[in-house]
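What follows is a short report on a single structure.
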Amino acid sequence: MSAFAASRFTGAGLGCVRGERIVFQGLSFEVAGGTALTLIGPNGAGKSSLLRLMAGLLAPAAGKLLWNGAPVADDPDAHRARLRWLGHGDGIKPGLSALENAAFWAALAGAPGEAALGALQRMGLGPLAETPARFLSQGQRRRLALTRLLLGGAALWLLDEPTVGLDAGSVAVVEALLADHCRAGGMVVLATHVPIAVPAGQVLELTPAAVPPPSHSPSPSP
Amino acid sequence: MVMHRFANPARFLRFAAVALPWFSAAAVLCMAAGLAFGLFVSPADYQQGETVRIMYVHVPSAWMAMFAYTVVAGGSISALVWKHPLGEIVARAAAPIGTGFTLVCLVTGALWGKPMWGAWWVWDARLTSVLVLFFLYLGYMALLGAFDDPVRGGRAASILAIVGLVNVPIIKWSVDWWNTLHQPASVARMDGPAIHSSMLVPLLLMAAGFACYFAAVLLLRVRAEVAARRIRTLRLAAMEAES
Amino acid sequence: MNAFRAILVRDLRLALRQGGDAAAVVLFFVLAASLFPFGVGPEPNLLARVAAGVIWVTALLAVMLGLDRLFLADHEDGSLEGMVASPAPMLVIVLAKCLAQWLLSGLPLVLATPILAIFLQLPAEGLPALLGALLLGTPTLVLVGAIGAALVLGARRGGVLLALLVLPLTVPVLIFGVAAADAAIAGLPARPHLLVLGAMLLAALAAAPFAAAAALRQAVE
Chain Z
28 MSAFAASRFT
38 GAGLGCVRGE
48 RIVFQGLSFE
58 VAGGTALTLI
68 GPNGAGKSSL
78 LRLMAGLLAP
88 AAGKLLWNGA
98 PVADDPDAHR
108 ARLRWLGHGD
118 GIKPGLSALE
128 NAAFWAALAG
138 APGEAALGAL
148 QRMGLGPLAE
158 TPARFLSQGQ
168 RRRLALTRLL
178 LGGAALWLLD
188 EPTVGLDAGS
198 VAVVEALLAD
208 HCRAGGMVVL
218 ATHVPIAVPA
228 GQVLELTPAA
238 VPPPSHSPSP
248 SP
Chain H
6 MVMHRFANPA
16 RFLRFAAVAL
26 PWFSAAAVLC
36 MAAGLAFGLF
46 VSPADYQQGE
56 TVRIMYVHVP
66 SAWMAMFAYT
76 VVAGGSISAL
86 VWKHPLGEIV
96 ARAAAPIGTG
106 FTLVCLVTGA
116 LWGKPMWGAW
126 WVWDARLTSV
136 LVLFFLYLGY
146 MALLGAFDDP
156 VRGGRAASIL
166 AIVGLVNVPI
176 IKWSVDWWNT
186 LHQPASVARM
196 DGPAIHSSML
206 VPLLLMAAGF
216 ACYFAAVLLL
226 RVRAEVAARR
236 IRTLRLAAME
246 AES
Chain V
196 MNAFRAILVR
206 DLRLALRQGG
216 DAAAVVLFFV
226 LAASLFPFGV
236 GPEPNLLARV
246 AAGVIWVTAL
256 LAVMLGLDRL
266 FLADHEDGSL
276 EGMVASPAPM
286 LVIVLAKCLA
296 QWLLSGLPLV
306 LATPILAIFL
316 QLPAEGLPAL
326 LGALLLGTPT
336 LVLVGAIGAA
346 LVLGARRGGV
356 LLALLVLPLT
366 VPVLIFGVAA
376 ADAAIAGLPA
386 RPHLLVLGAM
396 LLAALAAAPF
406 AAAAALRQAV
416 E
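Protein chains in written order, with our numbering: chain Z, 28 to 249; chain H, 6 to 248; chain V, 196 to 416.
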C-alpha cells in the first residue's frame, strides 16, 4: 500500500549557471514514485546545483522541472510542501535540545509537534531527546538532521551527501530509511561520493562539463 | 539557451558605436559654450557677486546626480524583473559617474557656501539630501564589490538600488521638513526664485553638456564591461576546450 | 501561523539561553550615550537640549550592532536554506525573525531609555513622547535593517557594510523620532510626529519583508 500518490518528477533540458560559469546544460532526468535517483560525478560537476534546482533554491537558467507533467515553477508553494531538503549544513542549533531542534523543523514542515519525538526515536535518538545538541557527536548530529525527512510526510527527499560523517551502523540506518520511503511510494534524489545502497535506484552521472584544469582553476566548486 | 546570458549584445554595441562620437562632441561643445557664457557673458549677481557662477557647475551636477541614480535603479529593476542582461551592466556603469556628479555637487556647494554663509558646510536641505544620496551611492558600490562572485554582488546591489529608490523621496521629504524646522526661512536659496535668462542660457547649456558627458561615459563603460564579460567567457571556453 | 511561532520561539529561546546578546546591546546603548556628557560637557541645559537626539542616534547604532547576526547564524549552519526550502512562506520567516530581533534588541532599548533620560537631563515632558517614538521607530529600523542584513550575507566585511547600507535609509526615522520628543518638550503636540512614525512602520511592514525575502533567496542560491 503506497502512502504517496503515484507521481513523477522530471526535468527537461535543464541548464545551470553559477557565477558566470555554465555548470551543466541540456540535462534531463526522471524519477517515479517508489524509486531513487543517485547523482554521482566529480566535484564541480553540478550534483549540488542540480539538487538545489530541484529544491527550488536555485532557478534554472534553461529548461523546466515538472511534477506529474505540470511545471513546478507555476506553483512553487505546492512544490516546497512536497519536498524535504537536506544540504551540507545540519541546521542544528547547539543551544537547543535534540527534541527542540526536531520540533522546530516539524513546525516549519507543518507537522504536529508530537511527530518530532517519534521521528527522533526512529533515528535512534529517543534517549537523547532532552540532550542539548552541543553534546551530540558528529554522527548523532547528522542523524538529528535526518529526522527532518520524517516530519510532515513529504514525497520527495533531496539529499546532498546524507552520509557524510556517519559510521557504518548509521549508514545502515539511513539506507533503511531510504528503503522504507521508497517502499511507501516516495522518491529520493541524493548526491553522494560514497556508495549508498538505494532501492530501485537509477544513477545519473554528471560529467564535469566546465571544470577548468586544476593548475589554474579560479572558480570554487559549488 | 544558457548562452544568452553571455550573448554579445550586438544591437547595443552598434548603437554605442554610432552614438558615442555624437555624445562626446555634444558634451564638449555644450560645456565649452556654457562655460564661456557663464564666465564671461552672464552678469554677476547683485547679491552674490561673482560666486554665483559656481551655480553653472553646481546645479547641473545636482540634477545629474539624481538622474544617474534613477538610471542605476532603472537598470536594476530591468535586471531583476525582466532579467535583461544589459540592465545590471548599465546600473553598474552608471553608479561611479553618478557618485562623481554627487561629489562635484557637494564640493561646489561647500565652495559656494563659504562666501555666502561664511561656513564651508551648512545643513541646507538640498545639500543634506545630496549628502544622503552620496552615501546611498557609496553603499551601492561597496555592496557591488563585496562578494567573490560578481553575479551575486550585482544582484544584491540591484535590490539595494531599488530599496534606495523607494526611500529617496521619503528621505528628501523628511530632510526638507527637518530643515524648515531648524533653519530660519530667510537663508538664501541657492537658486533664486526667479532666474534671469542671461543666467538660464549658460545653466541649460551646462546641463545639456553634463547630460551628454554622462551618456558618453556610460556608453564607454558599458562597452568596456561587455567586452570584459566576453573575455571571461572566452577564457572559460578555452579552459574547457583544454581540459 | 505555526511556522511564525516556531521561528519566534526558537530565536528567543536561543538568545535567552546563550544570554549576553540582548544585554550587550543595552549595555552598548547606555554606555555610548553616557559618553556624550564627557564630549560636550556636563552643563545641564546643553545636555537637556541634545538628550533626545543623543538617545535616538545611540539607539540607532545599538540596533545596527545586533542586526548583522540576524540571518548570519542561520546562513552559516544551513538552517536558512532549510527554511527557504520549507513550505513556510518567506514573508512569514522574515517577519518572525524581525519580531524576535526587535524583542531582543529594540524593546530593551526602549526600556533602558528612562535611565538615559535621567543621565542626560531630558526634560520630563519629553519622555513619554520619546518612548512612544522609540516604540514606533525601532521596529522600522529592524525591518529596514533586515533588508541590509540579508543583502550582506556572504559578503566580506559584512558588519561595517551593513551600517553603510542601512544608516542612510534610517534618516527619516531619526528626524521624526527626535522631532516628537522636541515637540513635547516645547509644549507642542507630539502626535503628528508619532503618526508619521506609525505610517513609516506600516510602510516598512508592508514593503521591507518583500525586499528582505528577495535578498535571502539570492543569498541561498
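The beta-carbon is built from N, C-alpha and C at its ideal position, and this holds for glycine as well.
Whole-angstrom distance between residue j and residue i, CA atom to CA atom
i              : j              : result
residue 181(H) : residue 131(H) : 8 Å
residue 284(V) : residue 199(V) : 9 Å
residue 190(H) : residue 365(V) : Per-residue confidence for residue 190(H) stands at a pLDDT of 42, beneath the threshold of 50, marking its modelled position as unreliable; the derived number appears in the next sentence. In a straight line, the C-alpha of residue 190(H) is about 25 Å away from that of residue 365(V).
residue 193(H) : residue 48(H)  : Bear in mind that the predicted position of residue 193(H) carries a pLDDT of just 47, short of 50, making it unreliable; the figure below should be weighed with that in mind. Taking the straight line from one Cα to the other gives about 19 Å.
residue 192(Z) : residue 77(Z)  : 22 Å
residue 68(H)  : residue 215(H) : 9 Å
residue 145(H) : residue 206(Z) : 50 Å
residue 62(H)  : residue 341(V) : 38 Å
residue 339(V) : residue 97(H)  : 23 Å
residue 246(H) : residue 54(Z)  : 20 Å
residue 107(H) : residue 19(H)  : 30 Å
residue 231(V) : residue 312(V) : 13 Å
residue 188(Z) : residue 149(H) : 32 Å
residue 205(H) : residue 223(V) : 53 Å
residue 239(Z) : residue 68(Z)  : Its pLDDT being 42, under 50, residue 239(Z) is placed unreliably in this model, and the value from its coordinates should be taken loosely. About 15 Å.
residue 25(H)  : residue 172(H) : 33 Å
residue 153(Z) : residue 159(Z) : 13 Å
residue 46(Z)  : residue 84(Z)  : 15 Å
residue 196(Z) : residue 148(Z) : 16 Å
residue 196(H) : residue 56(H)  : A caution first: residue 196(H) carries a pLDDT of 49, below 50, which makes its placement in the model too unreliable to give a value.
residue 211(V) : residue 126(Z) : 18 Å
residue 165(Z) : residue 109(Z) : 28 Å
residue 151(V) : residue 112(H) : For chain V, the structure presents residues 196 to 416; residue 151(V) sits outside this window and is missing.
residue 349(V) : residue 151(H) : 9 Å
residue 81(H)  : residue 234(H) : 18 Å
Pick from the options that is closest to residue i, judged by C-alpha positions
i              : options                           : result
residue 362(V) : 166(H), 152(H), 140(H) and 157(H) : 140(H)
residue 238(H) : 49(Z), 38(Z), 40(Z) and 41(Z)     : 49(Z)
residue 219(H) : 29(H), 23(H), 15(H) and 18(H)     : 29(H)
residue 96(Z)  : 69(Z), 59(Z) and 151(Z)           : 59(Z)
residue 411(V) : 162(H), 209(H) and 243(H)         : 162(H)
residue 32(Z)  : 222(Z), 211(Z) and 226(Z)         : 211(Z)
residue 93(H)  : 213(H), 21(H), 157(H) and 175(H)  : 157(H)
residue 200(Z) : 220(Z), 232(Z) and 146(Z)         : 146(Z)
residue 83(H)  : 244(H), 31(H) and 167(H)          : 167(H)
residue 259(V) : 334(V), 320(V) and 207(V)         : 334(V)
residue 70(Z)  : 229(Z), 231(Z), 230(Z) and 220(Z) : 220(Z)
residue 250(V) : 393(V), 310(V) and 398(V)         : 310(V)
DSSP three-state assignment for residue i, whether helix, strand or coil
i              : result
residue 222(Z) : coil
residue 246(H) : helix
residue 274(V) : helix
residue 189(H) : Residue confidence for residue 189(H) is low, a pLDDT of 49 falling below 50, so the modelled location carries little weight; the figure read from the coordinates is stated next. It is coil, neither helix nor strand.
residue 65(Z)  : strand
residue 57(Z)  : strand
residue 232(Z) : strand
residue 97(Z)  : strand
residue 222(H) : helix
residue 128(H) : coil
residue 292(V) : helix
residue 232(H) : helix
residue 177(H) : helix
residue 74(Z)  : helix
Contact set between residue i and chain Z, taken where Cβ atoms lie within less than 9 Å
i              : result
residue 156(H) : 44, 45, 46 and 47
residue 149(H) : Here the premise fails: no neighbours, minimum Cβ distance about 15 Å.
residue 261(V) : Here the premise fails: no neighbours, minimum Cβ distance about 17 Å.
Where residue i meets chain Z, residues with beta-carbon distance less than 8 Å
i              : result
residue 237(H) : 47
residue 415(V) : 84
Chain Z residues whose Cβ lies nearer than 7 Å to that of residue i
i              : result
residue 132(H) : What residue 132(H) touches in chain Z: nothing, since even the nearest Cβ is about 41 Å away.
Neighbour list for residue i in chain H, Cβ cutoff strictly below 7 Å
i              : result
residue 367(V) : 175, 176 and 179
residue 242(V) : Correct list: empty, because the minimum Cβ distance to chain H is about 19 Å.
Chain V contact residues for residue i, given Cβ-Cβ distances below 7 Å
i              : result
residue 152(H) : 349 and 350
Partners in chain V for residue i, counting only beta-carbon separations shorter than 8 Å
i              : result
residue 107(Z) : 280, 281 and 282
residue 171(H) : 402
Interface partners of residue i on chain H, CB under 8 Å
i              : result
residue 371(V) : 179
At least three beta-carbon pairs within less than 8 Å, the segment 276-293 of chain V to the segment 397-412 of chain V: Touching, yes.
Given 8 Å, three or more beta-carbon pairs between the segment 222-234 of chain H and the segment 249-261 of chain V: The segment 222-234 of chain H, when compared against the segment 249-261 of chain V, does not touch it at the 8 Å Cβ threshold.
Sufficient close CB pairs (3 or more, under 8 Å) joining the segment 272-280 of chain V to the segment 113-121 of chain Z: The segment 272-280 of chain V vs the segment 113-121 of chain Z: in contact.
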